[in-house]
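Worksheet for the structure shown next.
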Amino acid sequence: MMAAKVEVDGCYHLRMDCSYLHYTRSCIIISRRYSGSILDLEPHLTLPLQQTNPHMFPSTVCSAYPTSGGLYYWSAALSEPKYRSVVSFFAGWFNLIGYLTGYASTNFGLSMLLTSAITVATDGAWVATPISIVFVYLCVIVIQGLISTFAHRIINIMMMISMYWHLIGTLIIVVSLLVCTRNSPQSAKFVFTDFENHTGWGNGGYVVLLGLLQSQFCMTGYDSAALMTEETQNAQIGGPISMLLSILATFVIGLIFLLSLTFSIQDYDRVINSKSIPIAQVFLDALGKLGAVLCLCILVVGVFFCGCSVVTSTSRLIYALSRDGALPFSKTLYKLHPTTKTPVTAVWAIAVAAGILGMLYLGSSTAFLAITSVSTISLNITYGIPTLCLMFGRKNFVPGPFSLGKWSKWIGMVAIAWICFISVLFVLPTQGPVTASNMNYAIAMFGVLWILIGIYWFARGRKIFHGPIKHSEPTPVNDFDSSQDSIDLDGHSSASGPVVIIFGWIFVTLMTFSVALSMAEVCSAYPTSGGLYYWSAALSRPKYKPVLSFFTGWFNLIGQLAGTAAVAFGLALIVVATISIGTDQTWVPTPGATVGVYIAILFIVGLLNTFANNSLSFMNVVSMYWHIIGTWILIIALLVCTRATPASAKFVFTDFENHTGWSNNGFVVLLGLLQSQYSFTGYDSAAHMTEETQNAQRGGPISILGSILVTSVLGLAFLLAVTFSIQDYDRVINSSTIPIAQVFLDALGKTGAILAMVIIIVGVFFCSNAGTTANARLIYALSRDGALPFSGTLHKLDPNTQSPVIAVWALLFVAAILGLPYLGSETAFVAITSVCTISLYITYGLPTLCLLFTRDTFVPGPFNLGKYSQINGIIAICWICFISILFILPTEYPVTAANMNYAIAIFGALWIVVGIYWVVRGRYVFKGPVRNVASTTSSLHSVEFDKQEKNTAEIDATPDNKVFSEVA
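Quick note on numbering: the sequence shown equals residues 1 to 968 in the UniProt record's numbering.
Here's what the structure looks like:
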């Protein structure tokens, strides 16, 4: 099975929109038995720096020539006139060879994953043979060919699903591995220092170089961003950035995946000697049989999506080359299907060629490995040809907006040197002693290809091929391109004691008030229901309006989604804690029971927002009174019932506790601020109703600041009542239930505690229901403007109730998924709630940041800070940056897989997902908050503002917004 393990090394990505490399490359992490864990990680850390060199140059060229011809056209444009035909001919051919062999290795990796999943499912009773692997491989190719032929209309949808499948799938696998191996993770010493040599070579340095291959396999295909530049706005900047971002995304996600995988290895020897591929054994050891099969299925589907994407891209390349006469049978390959207008002939030509390549595995696994090596060599050579041409033709080159300036020549030299080095490395033997069975035949294969292409050039190519002469013409190929309360539920208050609870609340209130002041100032100038989403567009420079409003809207949505989950989950914790008190704690809630209650709450909220929408506005009125009256009932009850045994003022105002494990008390004090900051979110919701508010330019800002004031006063009163009512601090922080429940139980007795908890349960339920209604409105608004995937569906309203029912259930479905990690780890869910606060405060800060840079053109409204505006804005931005960092830091020491704060990983993944969606689709379909921006002009700043905003409100106050207006 060693040969089978090595072959999976050929599985690497060809397009960044299908980042399956993080799955398929996981098949090779341990399959190359010559490097060990240290060389699984270090090449991934250093290669992106080396890869940036060969990609900085294509990015420079892309900025000067943003054309869908890509490398093929650039080679012609940069070379001397007499060499253009031959240079572009060979560049096109080797690009095609790289994609064809890459497509073959992609699907071969898929067949290896699928047969390994079967092996795991049968407990190793069935082991894949070369015939079974090749049979699965051929079936996959046929299925992908049929999809490209008969289901071309859904390819765009498939690619959109693919992007989310890969990124979310990676997150699921990473979290699953870390959670399930938290009690038996590999040591950091093993991951970062272990070196293995199973190659047979005695030279450790040579083995280190071989260890680079697994990472280099993954760093290809980023040129695909250039293929869409003719359909990209501001392509001279967007094209280069897309190419470089693809490398960055590959590096970050790949490194996260590698770290989780290597930390999860339970038995290294068992992994490398497994009957199946190594990644399957890692999953089996870490997750068990069922978990391993499920993770392998995630990989299988992800790689299948990528294969579909690659066959589409490669067929486009064949179409372009045959259009210009560079291929044999060009007239046949250039034909489009009369009905679908897709290059069906090219698709099946790819399938036949890939099928033939895969058949070689029946005779020799080494031969197929040579083909996959040729793929990487060919692609890297095509990346180097434009760079080499540019170095010799620099005097006539006119750079685009993205240019390396004086560093261009030196980076070009480094890039060419790296391509030469890696090309040589890929043809060297990987095992010693070298025999006929383990020889690397890549050099022979590559030499044969050079000879065949050279013969074709001299015999026919030079006579009929004159370069990519039609690169700028629109072609049919574009038709087929894949184009909160202050209640501590998790015990954080125990980290620092009452003194930090009280004074931390006061300090956080003041800092939050600074953020709110900046928001209120903007709201006074732009009192529109678009809120943060619209403000970012209105305050930014024209060319940045779409991207800033896009990311503001998305991260506001992410924060609200995570907030919906956090509120409902907090409610579930309170419910199960109440049941536990009712049973005298003979029943202790399990993670499964808590998640079950959580999902039930979401379902009830969904039913209310679907069938009882006419009652939502009344429920919100009741909610307001319930919270105010209920809070005072709890305060009075606590103070009355503990009047004989209250905690001392010294305890409340001076007692400091440190149960975190950290020795630095200053850091512990900062951690104590988290519980307060959790509560101060959502105050931007007042801005969403300004279009239905009289004198909105004053009423909007007052509502924002008033919400902070009410929250701070009621919250402080409640916290004082709770801390003065603590009877036994140690019993509270070590309670089997949530801390607040234990405080109520000690102070009020069983019946009183249950009644107090019921008051909180009803209040939090009201909050969850209102949050769902408001967040569904946000989804509706974003989908209305095309900022979300499936916008056409999410934007639909129920014909009877005129409410966004689909958006409601989409919101609750995502929230339900966010709660599932609690089954494996409480830490994972805490990270999600941290992401909620970070995301919301980033969206609060973006308009303020824009205002700081556009203050000269900003016309303030009646509510403004005058000369203190800029100083307050700087303070607000600094505070947002500070708490964003604080929320991703670990809260306990020593830091382990079980208590690690994974917020940074989740937040980073979200940034990558949203960024990729923007690059892949968002920038094409999203032009900003169209309705708000379109219906207002520069006279927003004039005294006529109220009249114009009334017109905007009339546009939005159609039946589809009736319910929204009532509820908000």
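Don't be surprised by glycine CBs; every beta carbon is placed ideally from N, CA and C.
Just confirm the distance between the C-beta atoms of residue i and residue j, as a whole number of angstroms; I'd bet it's less than 8 Å.
i           : j    : result
L910        : I579 : Wrong, their Cβ atoms sit about 34 Å apart, outside the cutoff.
residue 974 : I601 : Because the chain in this structure spans residues 1 to 968, residue 974 falls outside the shown range and cannot be described.
A753        : I574 : With 8 Å as the limit, A753 and I574 do not qualify as a contact, their Cβ atoms being about 11 Å apart.
V374        : I97  : 7 Å
M112        : I133 : 7 Å
L390        : V61  : 6 Å
K275        : T119 : 6 Å
I298        : I172 : 7 Å
L638        : S725 : 4 Å
N440        : V427 : 6 Å
With DSSP run on the structure shown, which of helix, strand or coil describes residue i?
i    : result
R462 : helix
P401 : coil
M439 : coil
W809 : helix
D798 : coil
L755 : helix
H627 : helix
N620 : helix
E826 : helix
F907 : helix
V933 : With a pLDDT of 36 at V933, under the threshold of 50, the modelled position of that residue is not reliable, and no figure is offered here.
T314 : helix
F858 : coil
Y902 : coil
Label residue i either buried or exposed according to how many other C-beta atoms from any shown protein chain fall within 10 Å of its C-beta, with 16 as the threshold for buried.
i    : result
A349 : buried
G653 : As written in the sequence, residue 653 is Phe, which differs from the Gly given in the question. Its Cβ having fewer than 16 others within 10 Å, F653 is exposed.
P542 : exposed
C180 : buried
D269 : exposed
N800 : exposed
L940 : Caution is warranted here: a pLDDT of 30 is assigned to L940, below 50, making its placement in the model unreliable, and the coordinate value is therefore given only provisionally. By the 10 Å Cβ count, L940 comes out buried.
C139 : exposed
I356 : exposed
R316 : buried
C878 : exposed
L452 : exposed
G363 : exposed
C881 : exposed
A128 : buried
K545 : buried
As a quick exercise: from the options, pick the residue whose alpha carbon is nearest that of residue i.
i           : options                : result
I738        : S615, V588, L812, G672 : V588
W457        : F907, R731, G92, Y841  : G92
residue 978 : T170, Y99, P386, A125  : Outside the shown range of the chain, which is 1 to 968, sits residue 978, and nothing can be said about it.
A292        : V175, A117, A417       : A117
W759        : D655, N620, A831, I628 : Checking the sequence shown, residue 759 turns out to be Ile, not Trp. I759 has its Cα closest to that of I628, out of D655, N620, A831, I628.
F257        : G454, S176, T723       : S176
F465        : Y598, A326, P546       : A326
S768        : G592, T631, G563       : G563
L244        : V597, D223, T848       : D223
N273        : H198, L261, S264       : H198
V762        : P646, Q266, M445, V622 : V622
M413        : N440, V424, G384       : G384
G288        : C308, S309, Q266       : Q266
V764        : W626, A64, P860        : W626
A807        : S187, P821, I168, L782 : L782
Counting along the chain, where does the alpha helix (DSSP H) carrying residue i start and finish?
i    : result
E521 : 498 to 525
M219 : Where M219 is concerned, there is no enclosing alpha helix (DSSP H), given that its DSSP letter is neither H nor E.
Q870 : 869 to 886
Y103 : 84 to 121
T594 : 591 to 611
R182 : From DSSP, R182 is part of no alpha helix (DSSP H); its letter is neither H nor E.
L336 : Segment: none, L336 is in no alpha helix (DSSP H) and carries neither H nor E.
Q697 : 696 to 724
State yes or no: is the beta carbon of residue i nearer than 7 Å to at least one beta carbon in chain D?
i    : result
F257 : In the structure shown, chain D does not exist; there is a single protein chain.
With a threshold of 6 Å (Cβ to nearest heavy atom), would residue i be considered close to the ligand COA?
i    : result
I350 : Questions concerning the ligand COA fall outside what the structure shown contains, since it holds no ligand whatsoever.
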